[in-house]
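Asker: Pasting a structure here, questions to come.
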Amino acid sequence: METVRDLARGEPWRKSIERSRARREKSTRSPKPVARVRGIVALAIVLPASLAVLGGHGHRASVPAAHAEVSGTAAAPGRALAAAGCRAAAVVGGRSPCPLAVSPTGYVNPLAGASVKPERIDMGVDYAGSGTLVAIGTARLTYVATSGTGWPGAFIEYRLLGGPDAGRYVYYAEGVIPAPRLQVGQTVAAGQAIASIIPDYETGIELGWGAGANTKTHAQAAGHWSAADDEGNVASPAGKSFSALIAALGGPPGKVEG
């Protein structure tokens with residue numbers, strides 16, 4: 006098992022936090038309509054392409070509980086996330102037959118109980134705001150911690166038990182507080198409160214696809230995220246996928262800034 010170190014006290018996270026602060030201050034002083042339009046255009050490209058292909062996938066009966074990996078070389082008809090460049094394969098324990106899905110079937114908006122401002126897409130999707138985060142679907146908790154997570158804050162992860170992405174992991178990280186009595190192994194229902202957002206938290210919050218390996222993200226497990234990507238505001242394929250799913254569920258998508 007990989008040793009988790011507190012990156013909140015490390016140089017990569019300090020730089021990331023500084024960039025996050027700078028983006029928010031810049032946004033407050035002088036909003037950039039072009040950046041917002043670019044994010045919307047990116048979503049407009051990703052979402053229709055994703056939903057069009059999903060009609061052929063339907064509800065998966067069996068998905069390995071393996072750590073997921075994304076590849077930018079998806080071949081037809083496996084282009085559910087062609088614009089995002091997402092195609093899933095297992096890192097451990099065999100192969101996953103289907104890509105990450107972007108479908109609202111059986112899922113609920115995790116931000117329905119929150120008031121948030123969308124920020125950049127990176128490994129997942131960043132937001133600032135307040136309120137409650139709920140489970141996207143019926144799921145089992147796989148990780149719950151508020152310190153020593155390797156993130157600048159908490160890390161909560163659950164594995165979806167049903168719906169188009171059954172077997173996939175979802176994480177809520179950074180400025181969040183786990184719901185009372187939330188614990189690993191617990192089964193939660195779609196729409197059940199998972200965490201509350203800490204208002205004005207320094208780094209905000211991040212939601213995205215997890216890898217089911219400590220506090221590693223899907224993007225990290227795939228080798229699609231680095232310090233250089235963070236510095237360049239690169240939107241990972243997994244981050245774009247999760248942003249498109251939130252949009253399909255009625256929530257605000259993130260912004261492609263890089």
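First residue of the sequence shown? That's 6 in the numbering used here, and the numbers climb one at a time after it.
Heads up, the beta-carbon is just placed ideally off N, CA and C, and yes, glycines get one too.
Computed from a prediction, not measured in an experiment: that's the story for all the values here.
Given that a residue counts as buried once 16 or more other Cβ atoms are within 10 Å of its Cβ, and exposed if not, what is Gly228?
Answerer: Flag for Gly228 reads exposed.
Asker: Quick check on this structure: which residue in Gln191, Ala171, Val149, Ser248 has the alpha carbon closest to the alpha carbon of Ala178?
Answerer: Minimum Cα distance to Ala178 is reached at Val149.
Asker: Please determine, among Glu207, Ile182, Asp205, Gly209, the residue with the shortest C-alpha to C-alpha distance to Ile199.
Answerer: Considering only alpha carbons, the answer is Ile182.
Asker: Going along the chain, which residues of its own chain have a beta-carbon closer than 7 Å to the beta-carbon of Gly263, five neighbours each way excluded?
Answerer: Correct list, in chain order: Gly237, Asn238, Val239, Ala240.
Asker: With DSSP run on the structure shown, which of helix, strand or coil describes Gly244?
Answerer: Three-state result, Gly244: helix.
Asker: Rounded to the nearest angstrom, what separates Tyr132 and Pro204 at their Cα positions?
Answerer: Rounded to the nearest angstrom, the two C-alpha atoms are 11 Å apart.
Asker: When you compare only the Cα positions, how much space is there between Ala216 and Thr222?
Answerer: Cα to Cα, Ala216 sits roughly 5 Å from Thr222.
Asker: So Tyr163 and Leu146 are supposed to be a Cβ contact under 8 Å. How far apart are they, rounded?
Answerer: The Cβ separation is near 5 Å, so the contact holds.
Asker: Across which residues does DSSP place Trp214 in a beta bridge pair?
Answerer: According to DSSP, which records beta bridges pairwise, Trp214 is partnered with Val175.
Asker: Leaving out five residues on either side along the sequence, give the residues of the same chain with a beta carbon under 7 Å from the beta carbon of Gln197.
Answerer: Excluding residues within five positions, the ones whose Cβ falls inside 7 Å are Val139, Ala140.
Asker: Name the residue from Trp214, Ala144, Ile202 whose alpha carbon lies nearest to the alpha carbon of Thr192.
Answerer: If we check each option's Cα against that of Thr192, Ala144 comes out closest.
Asker: On the CB-based measure, 16 or more other CB atoms within 10 Å of its CB, does Ser120 come out buried or exposed?
Answerer: Burial call: exposed.
Asker: Exposed or buried, what is Ser152 when buried is set at 16 or more other beta-carbons lying within 10 Å of its beta-carbon?
Answerer: So Ser152 counts as exposed.
Asker: Should Arg186 be labelled buried (16 or more other beta-carbon atoms within 10 Å of its own) or exposed?
Answerer: Arg186 is exposed by the Cβ-count criterion.
Asker: Leaving out five residues before and five after Pro115 in sequence, what residues of the same chain have Cβ atoms less than 6 Å from its Cβ?
Answerer: The residues are Leu138, Val139, Ile141.
Asker: Taking the beta strand (DSSP E) that Ala140 belongs to, which residues open and close that run?
Answerer: Run containing Ala140: none; DSSP gives neither H nor E here.
Asker: Near Gly256, what residues of its chain come up, given a Cβ to Cβ distance below 6 Å and the 5 sequence neighbours on each side ignored?
Answerer: Closer than 6 Å at the Cβ level, and outside the excluded window around Gly256, lie Asn114, Leu116.
Asker: Mind checking whether Lys260 and Pro123 have CB atoms under 8 Å apart?
Answerer: In contact: Lys260 and Pro123 (Cβ atoms closer than 8 Å).
Asker: Indicate the three-state DSSP secondary structure (helix, strand or coil) for Ile182 in the structure shown.
Answerer: Reduced to three states, the DSSP call for Ile182 is strand.
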